[in-house]
Structure formats: C-alpha cells, structure tokens
Amino acid sequence: MDYSGYPRHDVLCIDMRSFYASVECVKRGLDPQQALLAVVGDPDRPGSIVLAASPRLKKKHGISNVSRFFELPMHDPELVIANAHMGDYVEMSLEITRLMMTLVPKEAIHVYSVDELWVTIDGLRRLYGSPYEIAYMIQNRIRDQFGIECVLGIGDNKFLAKVVMDIHSKKAADGIAECRYEDVERLLWPVPVEKIWGIGSRMMRNLNKMGIMTLGQLAKHPLKHLQKRFGIMGEQLYWHAWGIDLSPVTGNFTKTEQKGFGNGITLLRDYEKEEIYACLLDLCEEACKRARRGGYAGRTIHLSIGYSSEVGGGFSRSTSVDTPTNVTMDMYEVCLTLFHRFYDGRSKIRRASATLTNLEDDVATQLALFDDRGKQDEIGRVMDAIKDKHGATSILRASSYTSGGIAVDRSKKIGGHFA
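For what it's worth, UniProt numbering labels the leading residue of the sequence shown as 1, then goes sequentially.
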C-alpha cells in the first residue's frame, strides 16, 4: 500500500483506566491501583451489574465490568462496594477535557465517551516535544491533578490511535503505544478481527465464515467481495485493515443533526399490562419535552416493547400522523394505539421505549375546529418551564406516582444510574 497520498496527523486516543472505580477510590483517599473496589449500579439487587472494578480486583478475583453483584468476593475484608455516582464521573470527565483545552483548542478534542477521548496534537512538537513525550506529559498531568491513571495510543489518524491503544497500550509497561501507517502490518495484522474497534460479534461471525480470522487476512481479501457482501461497511473494513481512516481529526464534533427524541427503559421488574400505561406516559412526556426544548415536532412515532426474559420477544412498530406534534398526549395516544394493536395480551413487560422522529421545525400548526391541541401544547410548555426552574419532579402527572410510573426514579439518575 502506498500511503503517500493519505493524511498524516499526530492523534492521541486517551482512555482512563477503570474510570468509575478510580473516581470512587480518589473520593475515599484510596490508591486506585491497590484498592479492591467495585462500583455497582444497585447494591440492593443481587443481579445488579458491576459497572467498574479496580485493576487489582480484576487481577485478584477475576471480576470484570460484566460481572454481577452476587459474584463479588464478599469474604475478602479489603473489598469496598461503591454505589454508582454518575454525576461525579461526568464532572470528572469534564475536568479532564478542560485540562486538554489548556494544551490544544477545543476543535482538536473529540470526546468519545465519559472515559475516552481523542486529542489531535498537530503543531505541538516545538512546544512539548515528540508525540510520545506529549503523551507522557498528559499521562502525568492527569495522574498528578486527578489521581487517575490513563493509557494512550498514538497514530496517524483516529482509528490507528484507538486500535493501538486497545491492543498494545493496555499491555505496555508505560501505558503508551504508537502505530503509524508503516507499523500496521507488524502491530495490527496478527490481531484477531474481534479485537478490532468497530467489529462486533455479529460481524466477527460473518468474517470468520469467509475464512477471515485476523486483520491481515481482512486486508488481503478482495475489496470488491467485501463491498458486495457488506456494502459501504465492507469498504470501511477494508481500508481500516490497512490503517486508513479519513474521518476528520479536528472540527465541531458535538454538532450533529437531530434525528429524533426518545426514551427507553429496562424496568426493574416485570410489568403487568395495566402498569405499562403510566410508564409509557412518562416516556412520552420526556420525549416531547426535549422536542419542545429543541424547537422540533415529529410526524412519526415509534413504540418498542420487550417482554420478560421468561417469554422473550416483543415488538417494535411505528406510525405517522398527518400533523407534526410535540404534544405529550398526542404521542401517548398513538403509542396506546400501537400497544393495543400489537401486544399479545398476556406477556409481562420488561422493556419499553417511545420515540418521536421524522422531525420538522416546531411552527404553529393548523388546529381543527373543537380541537384542544392548543390548550395541551400550552399545558406542556408551562410544565416545562416549571420543571426547568424548580426541578424535574416539581410537577408531575398523577400517574407518575403509581406503581407503573418511572419519572420519579429516573429523575435521580444519569445514564440509567444514580447521579
């Protein structure tokens, strides 16, 4: 492969090690590398997932981020159980991003998740040295300022920086690894495809059936065959296998086109048919509130229902309305119609989501004679204003306080976990 025509940058991918667990250790004055600490979503539920485990807990007892609360070594006197505090993790993530902004402009920072980000450091060599020296400096600054360890990958583009970080940095003694175009064959081609960022279990199975087990085999596979089998995704896989990624390394990464407004929930227990109505109303209330805030209304309403694990299955259906809406009761009535049409009538329910899509600008709609939509719209906006001023639970519908309501519990959480 002739790489002369492809852009070269200095891109870092930074990953905070055991981020949630490290934050909880720092809060308690513990060493994140030595403590046995597990962050649990809900310690009152034996089946609650372990959101994060400290490095030593992983090594000593084999606990991972997919373990369950009941699997923790409760017999170990050093074990510390920490409730999840999502607000603290988001705030720490923001502080780390602010630290990066003292080194590079905000356009050079792409936050990938609460514990991972890319930073493009083009032009910093004269100030701080080589990319490796800059990575080492950032690693030390994060450790000194926040008490958190991180690993870093260095590459010509975001893909290379991310993959070398995933594959090699986490095993390196200093937590730093570098992969340039010329290093792809040596560092990445021997790696199984399932270890590569962007290749999930389903794609792995498809590739394996084609005799493609490693990234090198993927690179050598004819491009036209990958395009025929996987379309545009096959083309991307091929170029990634050669280390080529043309996605922008600077820009406004937070500005994206809004596709829809929706909310979903995995319920803490199985719901009966009568209980799901209050849940759906709360989901519609939040979706429409966000649409109103963004200045949008939608023509298409989606409803998804998942049955309990004992039964499995469920349904996902949508329908469109003549007039775009962001009125809660409009959306709710459509969701009820879909629910009554497709619900099997007997299964208990464990998951639900309601989404408003096919968006348009929220402009005055034509009101049919005797239609109370104008009053409902006004009610919704007044409720929005009260919530914005006094808090999410300052005014709620009575149904939110029933056994099926979810608004009160969700108001205490960020990303599904307690703030």
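For glycine and all other residues, C-beta sits at the position ideal for the given N, C-alpha and C. Please read all numbers here as calculations on a predicted model, not as lab measurements.
Integer Cβ distance of residue i from residue j, believed to fall under 8 Å
i             : j              : result
valine 193    : threonine 214  : 6 Å
alanine 219   : tryptophan 242 : 5 Å
serine 247    : lysine 158     : 6 Å
threonine 97  : valine 111     : 6 Å
threonine 300 : serine 318     : 6 Å
arginine 17   : valine 151     : 6 Å
Residue i vs residue j beta-carbon contact at 8 Å
i                 : j              : result
leucine 36        : leucine 57     : yes
glutamate 272     : lysine 171     : no
glycine 262       : serine 353     : yes
tyrosine 332      : leucine 280    : yes
glycine 260       : glycine 298    : yes
asparagine 326    : alanine 278    : no
serine 22         : isoleucine 148 : yes
phenylalanine 19  : glycine 47     : no
aspartate 362     : tyrosine 296   : yes
threonine 250     : arginine 350   : no
isoleucine 154    : proline 190    : no
isoleucine 167    : lysine 209     : no
glutamine 227     : glycine 234    : yes
arginine 8        : aspartate 174  : no
serine 54         : proline 32     : yes
asparagine 358    : serine 320     : yes
histidine 225     : isoleucine 212 : no
isoleucine 176    : glutamine 139  : yes
arginine 141      : leucine 72     : no
phenylalanine 230 : leucine 223    : no
glutamate 285     : threonine 328  : yes
Nearest residue (CA-CA) to residue i, options the options
i              : options                           : result
valine 40      : Asp344, Ser67 and Phe261          : Ser67
arginine 346   : Asp362, Leu336, Lys228 and Gly314 : Gly314
glutamate 283  : Arg269, Glu360 and His302         : According to the sequence shown, residue 283 is leucine rather than glutamate. Checked all of Arg269, Glu360 and His302; the closest Cα to leucine 283 is His302.
isoleucine 14  : Ala53, Glu178, Asp115 and Met86   : Asp115
glycine 62     : Asp44, Arg45, Ala38 and Tyr238    : Ala38
lysine 289     : Arg341, Thr323, Thr355 and Ala173 : Thr355
tyrosine 89    : Pro73, Glu274 and Ala52           : Ala52
glutamate 178  : Tyr136, Ile212 and Met203         : Tyr136
glutamate 133  : Ala287, Asp10, Gln236 and Glu360  : Asp10
tryptophan 239 : Gly129, Met329, Leu160 and Met204 : Leu160
serine 4       : Ile49, Arg205, Asp322 and Tyr181  : Tyr181
glutamine 34   : Ile49, Pro43, Lys59 and Asp42     : Lys59
glutamate 310  : Ser201, Asp42, Asp270 and Met204  : Asp270
glutamate 360  : Leu207, Pro324 and Met1           : Pro324
methionine 86  : Glu24, Met74, His75 and Asn206    : Glu24
leucine 268    : Met1, Asp44, Asp330 and Ile232    : Asp44
Range covered by the beta strand (DSSP E) that runs through residue i
i             : result
proline 324   : 314-325
methionine 16 : 11-16
glycine 262   : 260-271
serine 113    : 109-113
serine 247    : Premise fails: serine 247 is in no beta strand (DSSP E) and is neither H nor E.
glutamate 185 : First-last for glutamate 185: 184-187, but that is the alpha helix (DSSP H), not the beta strand (DSSP E).
tyrosine 296  : 296-307
alanine 52    : 50-53
glutamate 116 : 116-120
Alpha helix (DSSP H) segment containing residue i, residue limits
i              : result
tryptophan 239 : 232-241
asparagine 157 : No alpha helix (DSSP H) holds asparagine 157; DSSP gives it neither H nor E.
glycine 216    : 215-220
valine 66      : Neither: valine 66 is in no alpha helix (DSSP H) and is coded neither H nor E.
isoleucine 142 : 131-146
arginine 126   : 125-128
aspartate 88   : 86-100
serine 353     : Counting along the chain, serine 353 falls outside any alpha helix (DSSP H), though it belongs to the beta strand (DSSP E) covering 349-361.
alanine 82     : Not the alpha helix (DSSP H): alanine 82 falls in the beta strand (DSSP E), residues 79-83.
Cβ of residue i within 8 Å of any chain D Cβ
i             : result
methionine 16 : Reference to chain D is not applicable here, since this structure consists of a single protein chain.
(request) Pair every Cβ in the region 97-106 with every Cβ in the region 120-134, then say whether three or more of these pairs are closer than 8 Å. (result) yes
(message) Taking 8 Å as the cut-off, does the region 70-89 touch the region 15-28 (at least 3 CB pairs, one atom from each stretch)?
(response) yes
(message) Quick test of the definition: if touching needs 3 or more C-beta pairs under 8 Å, does the region 238-258 touch the region 299-314?
(response) no
(request) Decide yes or no for the touch test of the region 85-96 against the region 134-152: beta carbon pairs closer than 8 Å, at least 3 of them. (result) Yes, since at least three Cβ pairs between the region 85-96 and the region 134-152 fall closer than 8 Å, the two stretches touch.
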